[in-house]
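Trainee:
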DNA sequence: CTGAAAGCGCTTACAG
DNA sequence: CTGAAAGCGCTTACAG
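Residue numbers (UniProt numbering), protein chains in the order written: chain X, 1 to 338; chain B, 1 to 338.
Here it is in structure tokens:
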């Protein structure tokens with residue numbers, strides 16, 4: 001706090017209390033042989049002067065705040081990429097990163113405070129009002145990375161330009177000549193999934209292309225959603241020639257379904273993903289995808305968390321980083337002109 | 001450790017070393033004005049006597065220990081899977097997990113102690129003698145997950161039965177009828193890679209099958225190694241009909257090279273990976289691989305770290321968990337009988 | 001119940 | 001490069 005002030009010593013307290021150092025020492029160590037009212041006064045002064053026993057001083061002296069990062073479900077490549085951005089950024093700032101799965105224990109926020117955490121970063125977690133209240137009560141700042149909810153002004157969040165990403169992905173497919181473009185996405189209630197889907201719709205409608213209901217399939221952000229969604233789409237009387245997938249895992253599931261049906265990607269079916277996790281580069285074929293700058297988003301979340309932990313204000317409670325289309329080998333013109 | 005023994009003091013060390021307390025203090029604090037050989041001798045004695053600076057002594061008592069997990073390079077699916085095992089196991093034990101990239105700062109081990117860490121888990125990191133000395137001096141226990149070096153008795157480590165895994169992978173290919181089986185593996189100096197390679201050799205030699213030198217390609221545990229290694233193998237006058245890859249990333253690189261050459265996996269080329277990270281399930285085709293129980297290994301590493309942090313002895317400084325062949329869709333009999 | 005005094009473990013400016 | 005000496009922050013046995 002006061003960087004130049006030396007630490008309060010027992011002698012300071014003794015002077016202030018008008019007792020000896022020995023007596024103060026006894027109070028600190030909880031000995032019995034101190035008069036109650038002496039004890040009380042000394043305790044008050046210890047507290048006022050923010051006295052810290054030498055054994056504990058190092059925990060304070062460390063200018064290294066600890067930030068808790070929580071995620072839900074599995075540690076996917078998506079979470080791993082964001083986490084790597086957080087770790088790198090923390091290393092630059094001298095902060096420590098504790099990683100855990102989201103807990104719903106009664107006093108989780110207060111427990112985090114007493115364990116010395118200075119802020120929480122939640123990766124895509126859903127927060128209910130109850131969680132926000134518990135957090136508010138504990139005074140622990142929260143930053144949500146890629147929020148599933150609409151930005152609540154009580155919550156700080158870092159996202160990406162999902163609508164623009166969905167638009168870019170779909171325009172890329174249109175520019176290759178595709179007209180039958182389907183969408184397999186994430187949960188309908190997740191804002192990021194909604195934005196991607198509306199970007200997709202906007203691009204198609206601008207071209208006057210049809211978007212049959214059967215071409216839009218919300219689901220989970222999982223491989224299985226891709227696997228199953230692609231099967232349903234390919235069984236349609238007029239199957240799409242291209243699929244925009246809501247994330248890379250879904251896209252990889254689509255590729256696998258195509259493979260098992262003897263269809264080649266991109267010759268028979270074009271696929272675009274979203275995120276550009278390490279999975280995208282290692283897909284076979286390597287995935288055309290919309291890069292979401294997860295590392296940078298992690299870094300931004302960490303820096304925001306540190307500023308909040310420091311009691312500083314942030315300009316905006318929500319920021320979005322730009323997405324960018326990365327063209328690899330999973331997209332090509334359709335077989336017979338769309 | 002010896003609960004009744006009083007803690008070692010600087011005076012004890014000074015007496016044992018035949019120097020003054022002042023000199024010992026300088027060594028502990030890393031001052032420059034100490035003769036190298038004096039420094040060395042004092043450091044040895046500090047380690048032998050298990051000296052712990054007073055500021056750090058309280059960390060011995062904390063109920064919710066914090067364990068530092070360090071990794072090198074990127075946060076791959078391999079690291080993520082191990083980390084998830086560590087996190088889950090820590091949650092059960094009430095421990096906290098701090099995650100960071102391996103640091104080589106001058107006093108990193110001591111800094112970790114002063115930040116309250118009770119043990120370090122290193123995921124596959126290479127430790128030099130200098131690192132081990134720094135650790136020993138700080139009194140911080142180390143557990144290496146999937147060590148690259150031969151087990152040093154000063155280091156506790158958790159691995160998997162790599163030789164048996166290499167054997168099982170190769171036998172699987174042999175049983176399908178393959179005779180021209182190549183290996184693309186990890187660094188020649190890494191014991192885990194060596195063991196996998198020798199398992200491969202043992203399986204082939206037991207069958208009397210040839211292992212031409214050109215069929216054995218050490219490299220890195222990366223996608224690029226798989227990409228390039230497969231190109232070299234397929235350019236051979238007698239290309240292999242099957243490849244055993246040292247890990248899943250390499251295997252996925254092999255699959256991609258096959259695809260770009262118009263070869264189908266598994267019809268034209270069988271591929272087996274190693275690890276069974278989430279990448280294996282999402283490969284196209286899904287990868288036959290040797291499951292390394294990374295989550296369980298992470299859990300075992302965490303529990304070992306906690307016991308060491310508690311001053312308990314562990315039965316063995318190295319344990320290995322069983323690997324298991326997981327057959328998926330990337331392996332099949334060769335086209336014309338091998 | 002209090003505190004002067006001895007003592008502990010450590011650090012550091014400084015003389016050699 | 002070394003260590004005697006002064007000093008710091010704290011604790012504790014003991015006299016009052």
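All C-beta atoms, glycine included, are put in the ideal place defined by N, C-alpha and C.
Keep in mind it's a predicted model, so treat the numbers as computed, not measured.
Establish whether the CB of residue 280/B and some CB of chain X are separated by less than 9 Å.
Mentor: Residue mapping note: residue 280/B aligns to position 280 of the second chain, counting from 1. It does not; no Cβ of chain X falls within 9 Å.
Trainee: When the Cα atoms are used, what is the spatial distance from residue 135/X to residue 88/X?
Mentor: Position 135 of the first chain, counting from 1, holds the residue named residue 135/X. Position 88 of the first chain, counting from 1, holds the residue named residue 88/X. Cα to Cα, the separation comes out at about 26 Å.
Trainee: Taking residue 91/B as the reference, give the member of 82/B, 109/B, 64/B with the closest Cα.
Mentor: Taking the first residue of the second chain as 1, we reach residue 91/B at position 91. Comparing Cα-Cα distances from residue 91/B to each of 82/B, 109/B, 64/B, the minimum goes to 64/B.
Trainee: Output yes if chain B places a C-beta closer than 9 Å to the C-beta of residue 259/X; else output no.
Mentor: Working through the first chain from its first residue, we reach residue 259/X at position 259. Answer yes: the Cβ-Cβ gap between residue 259/X and chain B drops below 9 Å somewhere.
Trainee: Are the CB atoms of residue 71/B and residue 128/B nearer to each other than 9 Å?
Mentor: As a first step, residue 71/B is located in the second chain; it is residue number 71 there, counting from the start. As a first step, residue 128/B is located in the second chain; it is residue number 128 there, counting from the start. Cβ distance not < 9 Å, so residue 71/B and residue 128/B don't count as in contact.
Trainee: Please report how far the alpha carbon of residue 113/X lies from the alpha carbon of residue 310/X, in whole angstroms.
Mentor: By one-based count along the first chain, residue 113/X stands at place 113. By one-based count along the first chain, residue 310/X stands at place 310. Going from the Cα of residue 113/X to the Cα of residue 310/X covers about 14 Å.
Trainee: Identify the continuous beta strand (DSSP E) that holds residue 339/B and give its terminal residues.
Mentor: Residue numbering for chain B in the displayed model covers 1 to 338; residue 339/B lies beyond these limits and cannot be assessed.
Trainee: If distances are taken between C-alpha atoms only, which option among 118/B, 285/B, 336/B, 199/B comes closest to residue 167/B?
Mentor: Taking the second chain and counting its residues from 1, the one referred to as residue 167/B is at position 167. When each option's Cα is compared against that of residue 167/B, the closest is 199/B.
Trainee: If I'm right that residue 17/B touches residue 41/B with Cβ under 8 Å, what's the distance once you round it to whole angstroms?
Mentor: Indexing the second chain from 1 puts residue 17/B at position 17. Indexing the second chain from 1 puts residue 41/B at position 41. So it is a contact: roughly 6 Å between Cβ atoms.
Trainee: Can you tell me which of the three DSSP states residue 1/X falls into?
Mentor: Counting from one through the first chain, the residue named residue 1/X turns up at place 1. Model confidence at residue 1/X stands at a pLDDT of 38, short of 50, so the residue's coordinates are unreliable; what they give is reported in the following sentence. The answer is coil: DSSP assigns residue 1/X none of H, G, I, E or B.
Trainee: Look up residue 185/X in the DSSP assignment and give the residues it is bridged to.
Mentor: Along the first chain, one-based indexing puts residue 185/X at 185. BP columns for residue 185/X point to 218/X.
Trainee: Note down, in chain order, each residue of its chain lying with its Cβ closer than 6 Å to the Cβ of residue 79/X, except the 5 sequence neighbours on either side.
Mentor: One-based indexing of the first chain puts residue 79/X at position 79. Within the same chain, residue 79/X has close Cβ partners 71, 123.
Trainee: Going straight from the alpha carbon of residue 62/X to that of residue 324/B, what length do you get?
Mentor: Position 62 of the first chain, counted from the start, is the residue given in the question as residue 62/X. Position 324 of the second chain, counted from the start, is the residue given in the question as residue 324/B. Its pLDDT being 49, under 50, residue 62/X is placed unreliably by the model, and the measurement read from it follows with that caveat. The alpha-carbon atoms of residue 62/X and residue 324/B are separated by roughly 45 Å.
Trainee: Work out the CA separation of residue 295/B and residue 240/X for me, nearest whole Å.
Mentor: Translated into the one-based positions of the first chain, residue 240/X becomes position 240. Translated into the one-based positions of the second chain, residue 295/B becomes position 295. Their Cα atoms are separated by approximately 39 Å.
Trainee: Going by C-alpha distance, which of 170/B, 224/B, 82/B is nearest residue 292/B?
Mentor: Mapped onto the second chain, residue 292/B falls at position 292. Ranking the options by Cα distance to residue 292/B, first place goes to 82/B.
Trainee: Can you name the residues of chain X whose CB is closer than 9 Å to the CB of residue 246/B?
Mentor: Position 246 of the second chain, counted from the first residue, corresponds to residue 246/B. The contacting residues do not exist; residue 246/B stays about 15 Å from chain X at best.
Trainee: Report the partner residues of residue 156/B according to the DSSP bridge assignment.
Mentor: Residue 156/B sits at position 156 when you count from the first residue of the second chain. Looking at the DSSP assignment, residue 156/B forms a beta bridge with 143/B.
Trainee: For a contact defined as C-beta to C-beta under 7 Å, what are the partners of residue 87/B on chain X?
Mentor: On the second chain, position 87 is the one that residue 87/B refers to. Correct list: 99, 100, 101.
Trainee: For residue 118/X, which three-state DSSP category applies?
Mentor: If you number the first chain from 1, residue 118/X lands on position 118. Reduced to three states, the DSSP call for residue 118/X is strand.
Trainee: Does DSSP put residue 176/B in a helix, in a strand, or in coil?
Mentor: For the purposes of this step, residue 176/B is taken as residue 176 along the second chain, with counting starting at 1. If DSSP states are grouped into helix, strand and coil, residue 176/B belongs with coil.
Trainee: In the DSSP output, what is residue 225/X paired with across the bridge?
Mentor: Counted from its first residue, the first chain places residue 225/X at position 225. DSSP output for residue 225/X lists no bridge partner at all.
Trainee: DSSP three-state label for residue 128/B, please.
Mentor: As a position in the second chain, residue 128/B is number 128, starting the count at 1. Three-state result, residue 128/B: coil.
Trainee: Would residue 13/B count as contacting chain X if we go by Cβ distances under 9 Å?
Mentor: Looking up residue 13/B in the second chain gives position 13. False, the Cβ-Cβ gap to chain X never drops below 9 Å.
Trainee: Would the segment 161-175 of chain X and the segment 273-293 of chain X be scored as touching if the rule is three or more Cβ pairs under 8 Å?
Mentor: Segments in contact, yes.
Trainee: Below 7 Å CB to CB, which residues in the same chain sit around residue 238/X once its five sequence neighbours on both sides are set aside?
Mentor: As a first step, residue 238/X must be located in the first chain, where it is residue number 238. Closer than 7 Å at the Cβ level, and outside the excluded window around residue 238/X, lie 180.
Trainee: Cα separation between residue 67/X and residue 259/B?
Mentor: Position 67 of the first chain holds residue 67/X. Position 259 of the second chain holds residue 259/B. The alpha-carbon atoms of residue 67/X and residue 259/B are separated by roughly 44 Å.
Trainee: Whose CA, out of 225/X, 266/X, 276/X, lies closest to the CA of residue 393/X?
Mentor: An answer regarding residue 393/X cannot be provided, because it is not within the stretch 1 to 338 covered by chain X.
Trainee: Who are the neighbours of residue 74/X on chain B, taking C-beta pairs under 8 Å?
Mentor: Start at 1 with the first residue of the first chain, and residue 74/X comes out as number 74. Result: 84, 278.
Trainee: Please report how far the alpha carbon of residue 60/B lies from the alpha carbon of residue 76/B, in whole angstroms.
Mentor: Numbered from its first residue, the second chain carries residue 60/B at position 60. Numbered from its first residue, the second chain carries residue 76/B at position 76. Caution applies to residue 60/B, whose pLDDT of 47 falls short of 50 and renders its modelled position unreliable; the value that the coordinates give is listed next. Their backbone Cα atoms lie some 33 Å apart in a straight line.
Trainee: Between residue 249/B and residue 332/B, is the Cβ-Cβ spacing less than 9 Å?
Mentor: Here the question's residue 249/B lines up with position 249 in the second chain. Here the question's residue 332/B lines up with position 332 in the second chain. No. Outside cutoff.
Trainee: Kindly say whether residue 80/B, judged by its beta-carbon, lies nearer than 9 Å to any beta-carbon of chain X.
Mentor: Along the second chain, one-based indexing puts residue 80/B at 80. Yes - at least one Cβ of chain X is within 9 Å of the one on residue 80/B.
Trainee: Looking only at its own chain, which residues have a Cβ that is under 6 Å from the Cβ of residue 117/X, when we skip the five neighbours before and after it?
Mentor: For the purposes of this step, residue 117/X is taken as residue 117 along the first chain, with counting starting at 1. Hits under 6 Å: 66, 68.
Trainee: Take the Cβ of residue 276/X as the centre, count every other Cβ of all protein chains shown within 10 Å, and call the residue buried at 16 or more, exposed below.
Mentor: Taking the first residue of the first chain as position 1, residue 276/X is located at position 276. Buried, since its Cβ has 16 or more Cβ neighbours within 10 Å.
Trainee: Taking all protein chains shown into account, do 16 or more other C-beta atoms lie within 10 angstroms of the C-beta of residue 34/X, making it buried, or fewer, making it exposed?
Mentor: Working through the first chain from its first residue, we reach residue 34/X at position 34. Buried: at least 16 other Cβ atoms inside 10 Å.
Trainee: Report the rounded CA-to-CA distance for residue 164/B versus residue 201/B, giving the unit in angstroms.
Mentor: Position 164 of the second chain, counted from the start, is the residue given in the question as residue 164/B. Position 201 of the second chain, counted from the start, is the residue given in the question as residue 201/B. Spanning the two alpha carbons is a distance of roughly 11 Å.
Trainee: What separation, rounded to the nearest whole angstrom, lies between the Cα atoms of residue 318/X and residue 328/B?
Mentor: Locating residue 318/X in the first chain gives position 318, where the first residue counts as 1. Locating residue 328/B in the second chain gives position 328, where the first residue counts as 1. If you take the alpha carbons of residue 318/X and residue 328/B, they lie about 44 Å apart.
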